[in-house]
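Whatever position you read off the sequence shown (first residue = 1), add 5 for this note's numbering.
Beta carbons: idealized from backbone N, C-alpha and C, even for Gly.
Small disclaimer: the values here were computed from a predicted structure and weren't measured.
Report on one structure; see the data block that follows.
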Amino acid sequence: MNMLRFEHVSKRYPNGTVAVDDLDFEVAEGELVTLVGPSGCGKTTTMRLVNRLEEPTSGRILLGGEDIAGVDPVRLRRRIGYVIQQVGLFPHRTVLDNTATVPVLLGRGRKAARRRAAELLELVGLDPAVYGGRYPDQLSGGQRQRVGVARALAADPPVLLMDEPFGAVDPVVRERLQNEFLRLQREVRKTVLFVTHDIEEAVRLGDRIAVFGQGRIEQYDSPAAVLGAPATDYVASFVGSDRGLKRLSVTPVERGDLEQPPVVHLSDSMATAQERMRADGVRWAVVLDEDDVLHGWVSVAERSGTPSGTVAEHARRMEAWLPLGASLKNAFATMLQYDAGWIAVLDEDDRLLGVLTPTTLHEALRRSIDADTRSVERAEVELESVSGV
Ligand SMILES: Nc1ncnc2c1ncn2[C@@H]1O[C@H](COP(=O)(O)OP(=O)(O)OP(=O)(O)O)[C@@H](O)[C@H]1O
Ligand SMILES: [Mg+2]
6 MNMLRFEHVS KRYPNGTVAV DDLDFEVAEG ELVTLVGPSG CGKTTTMRLV
56 NRLEEPTSGR ILLGGEDIAG VDPVRLRRRI GYVIQQVGLF PHRTVLDNTA
106 TVPVLLGRGR KAARRRAAEL LELVGLDPAV YGGRYPDQLS GGQRQRVGVA
156 RALAADPPVL LMDEPFGAVD PVVRERLQNE FLRLQREVRK TVLFVTHDIE
206 EAVRLGDRIA VFGQGRIEQY DSPAAVLGAP ATDYVASFVG SDRGLKRLSV
256 TPVERGDLEQ PPVVHLSDSM ATAQERMRAD GVRWAVVLDE DDVLHGWVSV
306 AERSGTPSGT VAEHARRMEA WLPLGASLKN AFATMLQYDA GWIAVLDEDD
356 RLLGVLTPTT LHEALRRSID ADTRSVERAE VELESVSGV
């Protein structure tokens, strides 16, 4: 079901600026849509139209099937949480009271509202016993942002509008907030419009991305499709020439990507194992225990002669491994980190599913780009940045 629907919505400000021009898109219930685009392209205006801080010049917006033009703005805003970059916490109220503001306004008892506020602080990763009694200026930027998110969730609105909520914090805190927000979203499943001008953030968070040009949506698609098959030259230049790399971060490692490496077991004699590796023409093998759980790896000895003992005595630890479903970017980073020519991919029980090598990584990237390219019928998508991998 569509929670939010824009029907040919335009907004011209009294000074003549056309901030948005014929927006026509919909957001499914529980979907997180990122709005991305350069400064002044109409992102904030789009948000403000949803909670009727602005009125469209033409077109209409439906919330849960209902034209919002007919809904009392105050009642409308109870169904919509709004988080802005500057958070706008009340400086003279504690964190707990800030979070409880909306439920109190909604006429819930103060006690119930505070109990709910404490739950929400917990949910956004702030211990209410530690932070509840503090004032906003006693928090870091990232913590203030979390209080802003908790407060927006306090009325349990089906829709959240977030306007560059993580824009003011440093990159490390930002990534942490993004991860926490994704975890939170999996739990609360709100319908979210999330504004950012950072394409990385749009890609990481969005189920779908709306790429804005001047007042218009240039492409509305999955992150993988926006990166792999930009609809226009504008989108291509906006997502940048390193979109092959960005795309790595949204493409998961799948079973079909994996190669089956040579395998030996812990209890095999090292002499037999080595003979087999030589016969197969390989220089190393993955070491598994009797349950096929990854233990490490062994290489063919440099020296001639017969090694003694079991594989267990010769095996080395294997640091370079990933769970199935990890992103190709993560796989690539792991390869670089351990300077490894291959990395093991494991199932939930740490059993080996196969290995990823630079070649199979490249193929996986191709596979995902080709799939999207076919679906949007684009003849050719070049793969600039990672073609050297
Ligand atoms: N109240 C207003 N009156 C007149 N023009 C406005 C008003 N608010 C915004 N605009 C103009 O409308 C256009 C879109 O503004 P908007 O704030 O939606 O952009 P934005 O995409 O959010 O930009 P940013 O990334 O800088 O926040 C801009 O040209 C802006 O100057
Ligand atoms: Mg804005």
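Item, Value
"Restricting to runs no shorter than 3 residues, where is the beta strand (DSSP E) found entirely within the stretch 37-74?", "37-41, 63-68"
"So, with DSSP's three-state summary, where would you put Arg-322?", "strand"
"Pick helix, strand or coil for Met-8, following the three-state DSSP scheme.", "strand"
"CA-CA distance, Gly-233 and Ala-118?", "46 Å"
"Determine which residues share a DSSP beta bridge with Leu-15 and list them.", "Residue 15 is actually Ser in this sequence, not Leu. Answer is Ser-63, bridged to Ser-15."
"On a CA-only basis, which of Val-32, Glu-12, Asp-26, Phe-11 is nearest Ser-227? Give me that one, please.", "Val-32"
"Secondary structure at Val-394, three-state DSSP: helix, strand or coil?", "Because the pLDDT of Val-394 is 33, which lies under 50, any placement of that residue in the model is unreliable, and the question is left without a value."
"What's the gap between the Cα of Leu-131 and the Cα of Leu-144?", "11 Å"
"Give me whichever residues DSSP pairs with Arg-356 in a beta bridge.", "Val-298"
"Taking the alpha-carbon positions, what's the Val-391 to Leu-54 distance?", "Low confidence applies here, because Val-391 scores a pLDDT of 34, under 50, leaving its location unreliable; read the following figure in that light. Going from the Cα of Val-391 to the Cα of Leu-54 covers about 41 Å."
"By a C-beta neighbour count over all protein chains shown, 10 Å radius and 16 as the cutoff for buried, is Leu-165 buried or exposed?", "buried"
"List, from N- to C-terminal side, the alpha helix (DSSP H) runs of 4 residues or more that fit wholly inside the stretch 81-162.", "100-110, 115-128, 133-136, 146-158"
"What is the DSSP secondary structure of Thr-277, reduced to helix, strand or coil?", "helix"
"Check whether the Cβ atoms of Val-23 and Gly-220 lie closer than 8 Å to each other.", "yes"
"With a threshold of 16 other CB atoms inside 10 Å of the CB of Arg-80, please say whether the residue is buried or exposed.", "exposed"
"Spatial neighbours of Asp-26 within its chain, please: C-beta separation below 7 Å, excluding the five flanking residues on both sides.", "Ser-15, Gly-220, Arg-221"
"Which residues mark the beginning and the end of the alpha helix (DSSP H) in which Ala-338 is found?", "333-342"
"Tell me the residue span of the beta strand (DSSP E) that contains Gln-265.", "That residue, Gln-265, is in no beta strand (DSSP E); it is neither H nor E in DSSP."
"Just the C-alpha distance for Gly-45 and Leu-68, rounded to the nearest angstrom, thanks.", "25 Å"
"Exposed or buried, what is Asn-20 when buried is set at 16 or more other beta-carbons lying within 10 Å of its beta-carbon?", "exposed"
"Could you spell out the range, first to last residue, of the alpha helix (DSSP H) harbouring Leu-189?", "176-193"
"Residues in the same chain with beta-carbon distance under 8 Å from Ile-204, minus the five sequence neighbours each way, listed in chain order, please.", "Val-41, Phe-243, Val-244, Gly-245, Lys-251"
"Would the beta-carbon of Val-291 fall within 8 Å of that of Val-258?", "no"
"Closer than 7 Å is what we want: which residues have a beta carbon that near any heavy atom of ligand 2? List them in chain order.", "Lys-48, Thr-49, Asp-168, Glu-169, Val-200"
"What span of residues does the alpha helix (DSSP H) with Asp-238 cover, start to end?", "238-244"
"Express the C-alpha separation of Glu-71 and Phe-11 in angstroms, rounding to a whole number.", "11 Å"
"Among Gly-146, Val-76, Leu-128, Val-152, whose alpha-carbon lies nearest the alpha-carbon of Thr-106?", "Val-152"
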